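Quick note: the sequence shown, position 19, residue 491 per this note's numbering, numbers continuous. Here the structure is laid out as structure tokens; the discussion comes afterwards.
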Amino acid sequence: MELDPDGHIDCTFVDPDHAGQGIMDEIMAEVKREAAGQGITRLVAEVSLTARKFFERQGFVWVRDNLANIDGIVLPNFIMEWKPDPFGTSVQR
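Structure representation (structure tokens):
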């Protein structure tokens, strides 16, 4: 997973053989800590249908539907964002 200075998250992927082991939970927690340390107040990601539920569990909210063009192949995805909860509950409403 990559965190750009503007808060954009890219390259989110876990090998299917390791899915469901909490690896992405740990990585996302570290990305959120890193963002806070850099003063980044908003994270944004282009999220696949497969990954959407994970991002929702992480407190990301849907912004809009999107179409990603990857090497000439157009794939539907979603723009999602996360902002720290000012009350410290880590759940965005």
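No residue lacks a Cβ here, since even glycine has one placed at the ideal position from N, Cα and C. Here the structure is a predicted model, which means the values were calculated and not measured.
Item, Value
"Can you give the Cα-Cα distance for Gly492 and Val486, rounded to whole angstroms?", "9 Å"
"Go ahead and label Ile481 buried or exposed: buried means 16 or more other beta carbons lie within 10 angstroms of its beta carbon, across all protein chains shown.", "buried"
"Quick check on the burial criterion: 16 or more other C-beta atoms within 10 angstroms. Buried or exposed for Gln530?", "buried"
"Would you kindly check if the distance between the Cβ of Glu518 and the Cβ of Asn538 is under 8 Å?", "yes"
"Secondary structure at Asn538, three-state DSSP: helix, strand or coil?", "strand"
"Only counting the same chain, and skipping five residues up and downstream in sequence, which positions put a Cβ closer than 7 Å to that of Leu475?", "Ile481, Val503, Glu506, Ala507"
"Once DSSP output is grouped into helix, strand and coil, what is the label at Ala491?", "coil"
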